[in-house]
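Asks: To start, I am sharing the structure in question, which I have written as structure tokens.
2 protein chains.
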Amino acid sequence: MKVNLSSLDTCESSFTPLVVLELAQDVKEETKEWLKNRIVSKKEDGDDNNDFLTMAECQFIIKHELENLRAREEKMIPGYPQAKLYPGKSLLRRLLTSGIVIQVFPLHDNEALKKLEDSWYTRFSLKYQPLDRIRGYFGETIALYFGFLEYFTVALIPMAVIGLPYYLFVWEDYDKYVIFASFNLIWSTVILEVWKRGCASMTYRWGTLVMKRQFEEPRPGFHGVLGINPVTGREEPLYPSYKRQLRIYLVSLPFVCLCLYFSLYVMMIYFDMEAWALSLHESSGSEWTSILLYVPSIIYAIVIEIMNRLYRYAAEFLTSWENHRLESAYQNHLILKVLVFNFLNCFASLFYIAFVLRDMKLLRQSLATLLITSQILNQIMESLLPYWLQKKHHVQVKRKVQALKADIDATLYEQVVLEKEMGTYLGTFDDYLELFLQFGYVSLFSCVYPLAAAFAVLNNFTEVNSDALKMCRVLKRPFSEPSANIGVWQLAFETMSVISVVTNCALIGMSPQVNALFPESKLDLILIVVAVEHALLALKFILAFAIPDKPRHIQMKLARLEFESLEALKRQPSENIIEEKAPFTKEAKRENQMKLMAQNLKEDSREGNKEEEA
Amino acid sequence: MKVNLSSLDTCESSFTPLVVLELAQDVKEETKEWLKNRIVSKKEDGDDNNDFLTMAECQFIIKHELENLRAREEKMIPGYPQAKLYPGKSLLRRLLTSGIVIQVFPLHDNEALKKLEDSWYTRFSLKYQPLDRIRGYFGETIALYFGFLEYFTVALIPMAVIGLPYYLFVWEDYDKYVIFASFNLIWSTVILEVWKRGCASMTYRWGTLVMKRQFEEPRPGFHGVLGINPVTGREEPLYPSYKRQLRIYLVSLPFVCLCLYFSLYVMMIYFDMEAWALSLHESSGSEWTSILLYVPSIIYAIVIEIMNRLYRYAAEFLTSWENHRLESAYQNHLILKVLVFNFLNCFASLFYIAFVLRDMKLLRQSLATLLITSQILNQIMESLLPYWLQKKHHVQVKRKVQALKADIDATLYEQVVLEKEMGTYLGTFDDYLELFLQFGYVSLFSCVYPLAAAFAVLNNFTEVNSDALKMCRVLKRPFSEPSANIGVWQLAFETMSVISVVTNCALIGMSPQVNALFPESKLDLILIVVAVEHALLALKFILAFAIPDKPRHIQMKLARLEFESLEALKRQPSENIIEEKAPFTKEAKRENQMKLMAQNLKEDSREGNKEEEA
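Sequence order for the protein chains is A and B. full-length UniProt numbering puts the first residue of the first sequence at 1, with every later residue one more than the last. full-length UniProt numbering puts the first residue of the second sequence at 1, with every later residue one more than the last.
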């Protein structure tokens, strides 16, 4: 383990650098000494550097150990009297919040990275991604994202294949979209159920399927007045729940509503622009003005992207200010805020065009422009631009390093200097969000613009590569993180697919072909459409309920595992007589229950402060 | 423990009879001897008769121990070469299926029963039931049913209170039912969420909230060809899944569809009768024929009850013939079959009247007759008639016993003879089903007949008493059974409340008052109603998602329990070094996972044959 750059020359020959802990420039000697001692004294009883573990796993252990260095009798950080400590407080967090430690990040393994890149994206060919290798290098969470991206892209192909002839042969013929919308509807239900099963197979292979994460520690940013935690009975910062509720309902909620209103206001300006462009085109009628027709949509798409990004910062600030105790509560509030706004911001204009204006031509044009513009913008902003900046910076650093330090191991020094300046990967949130919006464009309205799926496929093929490039070359290596599934995003995608059933039914009901079947009575038409929609929704819920979340062979393997562990337990002498009896008395039940929980607990740190969800 | 009646006179003075195991009359001596030895040799290492346990708990232990008497080297039941055994086969099951043992049932504790009755139903007064005592005497499953019945009755009171003035003052004025339907809608959503929380508090107190029942043994009726279980690797009967699927899809499904069709056919006959009665009334117009108007509904209600009961037997036979391996799979298939049929059978005519005939007067009349007739029939058939028969039988037995045996302990002999002839309680299924249908009558259409809730409340007040009487005096005491919640019924009630949202919205949309608001455009009206309905359904799902299933104080207590067990574990020397490390390597995860499962497993019998869900 590396503590700071100056200790580089004293390292042993077999030493592999794993994690960088960057200290502020002016840190006092006494603090450095203390920190080094604390880290080393913790390290003595571990045996981390083992061939048995992958590099990403070693880095995860180091992160885990560093985060669990906790204050014992120290009242403050030595040398920094203003950085207060209390027993049990995580040292690393205090060091980070006090600005003494600037960052902690794992180093890339250049050799492994090169191999990974070669099998992943550098040689362009149509093949599946090396998900197991990605998992080995970046951990389960990121591998699952790439797995989902790949699955989703493959799942889009049928839609794209069906959509293409629609575009080529019957462009102006809306009539056929009953079939397309029906297909859309089944498709969006089925792919999500199939994914759940595929995901279970994958995480079973990785050993994280049955992972439990019941115990969470307070998130780093949480602050409060010292008090007694009612669960643990320990002294630690507490923040009253009613204050948080007040902040949520009196500040965050109005702010979100204001943003939603503003977004709708911008949408109205877009429609004014649209009307102005149309009138200009109609009055002049030239070739030039027909291109002008697309300009309002393009501008609107760019404005949407900018608003989404700005809102994201505001949402992060607000959610952080709400002072949630647990990371999961923070994440849930953030995701809710961002999803609601992004959904309205991206789709409000389309809903308005489809169901208020009922202008299918404008809907198609608007959908196409929004989809394509946002995809191009995303690719540029996310990967290509940072990669280019990164490359320029790389050359500069290399030159500097070669000029200054020729005596020590320049490669490692160069690597550390380079990587510490790289951007930080902020988690899979933005990547999933992008896919979520894409899923919306495709499943909600694609029967009007069947090419949407084809564009999405095309985008995702390049997205895989640009995301891979981003992970490998543009950003700091992230710490690996185990996970069992894509979490809240499964729910988000399922909600979107329910909305898409409603939208598609409404679009079918509005189609001229269906309307022609009921020339006299619109009433009957609507009643039938509503009845069909309800039946489809019911079918969707029944399907989701009836299809098992885990494939049969995984269920079998889990059952076998359970059985074998039971057999193993029987062979080992039992310590507890109470379990030999029928397990139903209150005391026996409590006992069993406690043991069960204790087992889960052990998975978490020994020092973890347990608490209920805030 | 009592093996047979003849051993009565040899029992010790402190002996409390708990469970009766009734043998067939002609059982061979050698078999009796063997069975007695097997039971006693098992009993030696237990210490069951402890004041620490309640009587119901002792009985549960005995049942558990009896069911886990398993064949070792025996190839058949001694004395009965046709009753084959294989290692691990439950002896009791083979004895029961071979007709050697007729039944096993726990005895009532007359003293405790008297006390329970006094605090429960014999002294009529308005108070809550002694649920903790009921749980002590009958176990959690039955106590939960009575808890739900009580909760549901109390929850109906606001509906009844609002409904009463509707009936008294505005009987013929449908206009107001917008308010009533809206109230209905919120009510049906809220009560189910509140119940979930109340139920969690209750089962927390009883210690069954966090109970896990992952491991199930094959159900008694399951049969198959001897083969190797892929999970346990043991020799045991197997039945191929595809055969079961064939039986389900080729026989059961068509049969259920046929029954549904038949039920609709009967409904049509009812409408013919209705039309005939109306024409008769119109042609004569006398007072006498106006009573005749109710006759078809009453006959139809009785026919529905009969069909429900007949279908119930058919469904049980079919589901049993499908040869499900697990009791839970059997129960799920049975419940599904019965619920679908009962729902259609009871509500199809009401839906037809409401939405096809749109005759609100007939709907009200039909609803009232169905509800009241079925309630009266149920009360009589379920409790009063059996109680009366029971009483007559009791007197006969008493006389016989007094005449025959004056020398031995006549009370116990009499009790055993009496109780062995009592009916067997077949579980809470029918009781919940009755409440489910009642919930349907009240929540689906009560805005047309606001008195429905009042009748339901009235019925439930007597239902509590007649069910209590049934449990205490009419039926054999059931073995106590732990459970954490009302299981699949929660889902069934929630589904019904979703359907009630749709129905109520449709009724509101059809009301003259609302129609008067849109004199020109029916189209706008329908679109608005559909939009409101979708918004309400969305709100319902969000509410169900947002309201935590466990109250905060229970969450806190569970968290505290978890924390304390963690602390206890820390203090005890750890056996496994691997858990001291960060728990993320594949091996460590598997290890933890296996331990976790092993813990769950121990709650089940040591001999349990583990298998996946069939």
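Idealized CB from N, CA, C, for every residue including glycine.
DSSP on B:P254, reduced to helix/strand/coil?
Replies: helix
Asks: Is the region 490-500 of chain A close to the region 443-462 of chain A, with three or more CB pairs under 8 Å?
Replies: Yes, the region 490-500 of chain A is in contact with the region 443-462 of chain A.
Asks: Less than 8 Å between the CB atoms is what I'm expecting for A:L192 and A:A484, so what's the real figure, rounded?
Replies: Contact flag wrong, Cβ pair sits at about 17 Å.
Asks: Starting from B:I526, find everything on chain A with Cβ-Cβ shorter than 8 Å and list it in chain order.
Replies: L523, I526, L527 and V530
Asks: Taking Cβ-Cβ distances below 7 Å as the criterion, which residues of the region 226-245 of chain B are in contact with chain A?
Replies: P230, V231 and T232
Asks: What does B:H534 touch in chain A if you count any residue whose Cβ is under 7 Å from its own?
Replies: V502
Asks: Using a beta-carbon distance below 8 Å, is B:M267 in contact with chain A?
Replies: No, no contact with chain A.
Asks: In three-state terms, what does DSSP make of A:M76?
Replies: strand
Asks: Does the distance from the C-beta atom of B:A155 to that of B:D549 stay below 8 Å?
Replies: no
Asks: Are the beta-carbon atoms of B:M381 and A:P230 separated by less than 8 Å?
Replies: Not closer than 8 Å, so no.
Asks: Going by beta-carbon coordinates alone, are B:R219 and B:Y330 separated by less than 8 Å?
Replies: yes
Asks: Identify which residue in A:V532, A:S466, A:V356 and A:E150 has its Cα closest to the Cα of A:Q129.
Replies: A:E150
Asks: Give me the Cα-Cα distance between A:R94 and B:A568, rounded to the nearest whole angstrom.
Replies: 29 Å
Asks: Residues in the same chain with beta-carbon distance under 7 Å from A:R133, minus the five sequence neighbours each way, listed in chain order, please.
Replies: Same-chain partners within the cutoff: L116 and S119.
Asks: Is residue 657 of chain B helix, strand or coil when you go by DSSP?
Replies: The requested residue 657 of chain B is not part of the displayed model; chain B covers only 1 to 614.
Asks: How is A:S574 classed by DSSP in three states: helix, strand or coil?
Replies: Unreliable positioning characterises A:S574 in this predicted model, as indicated by a pLDDT of 46, which lies under 50. A coordinate reading is not provided.
Asks: Return yes when the Cβ of B:P106 is within less than 8 Å of the Cβ of B:R473, no when it is not.
Replies: Remark: C-beta atoms of B:R473 and B:P106 do not approach each other more closely than 8 Å.
Asks: With 16 as the cutoff for other CB atoms within 10 Å, does B:A143 come out buried or exposed?
Replies: buried
Asks: Buried or exposed for A:R72, going by 16 or more other Cβ atoms inside 10 Å?
Replies: exposed
Asks: Which residue wins for smallest C-alpha separation from B:L458, given the options B:E65, B:M267, B:V161 and B:M360?
Replies: Closest option to B:L458, Cα to Cα, is B:V161.
Asks: Can you tell me which residues form a DSSP beta bridge with A:I228?
Replies: A:E235
Asks: Output needed for A:F146: all residues of its chain with C-beta closer than 6 Å, excluding positions within five of it in sequence on either side, in chain order.
Replies: Q129 and I134
Asks: Inspect the beta-carbon positions of B:S383 and B:D272 and report whether they are closer than 8 Å.
Replies: No, they are not a contact pair.
Asks: Please state the DSSP three-state secondary structure of B:V27.
Replies: coil
Asks: Check whether the region 79-96 of chain B and the region 29-42 of chain B are in contact - that is, three or more C-beta pairs closer than 8 Å.
Replies: yes
Asks: Please classify B:L363 as buried or exposed, where buried requires at least 16 other C-beta atoms within 10 Å of its C-beta.
Replies: buried
Asks: Which whole-angstrom value is the C-beta distance of A:Y425 and A:L344, which I expect to be below 8 Å?
Replies: Not quite, the Cβ-Cβ distance comes to about 28 Å (not below 8 Å), so this is no contact.
Asks: Counting along the chain, where does the beta strand (DSSP E) carrying A:P106 start and finish?
Replies: V101 to P106
Asks: Taking only runs of the alpha helix (DSSP H) that begin and end inside the region 471-536 of chain A, which ones reach a length of at least 4 residues, in chain order?
Replies: 488-510 and 512-517
Asks: Go to A:F169, then tell me how far its alpha helix (DSSP H) extends in each direction, as first and last residue.
Replies: For A:F169, the enclosing alpha helix (DSSP H) starts and ends at E140 to F169.
Asks: Could you tell me whether the Cβ atoms of A:A403 and A:S263 are closer together than 8 Å?
Replies: no
Asks: Scan the region 391-425 of chain B and note each continuous alpha helix (DSSP H) run of 4 residues or more that stays entirely inside, going in chain order.
Replies: 410-421
Asks: Candidates B:E287, B:E65 and B:V295: which alpha carbon is nearest B:A275's?
Replies: B:V295
Asks: For A:Y270, does the count of other Cβ atoms within 10 angstroms reach 16, so buried, or fall short, so exposed?
Replies: buried
Asks: What did DSSP end up calling A:L377 once you bin it into helix, strand or coil?
Replies: helix
Asks: Leaving out five residues on either side along the sequence, give the residues of the same chain with a beta carbon under 7 Å from the beta carbon of A:W206.
Replies: The beta carbon of A:W206 sits closer than 7 Å to the beta carbons of R135 and E140 from its chain, once the five residues preceding and following it are set aside; these are given in chain order.
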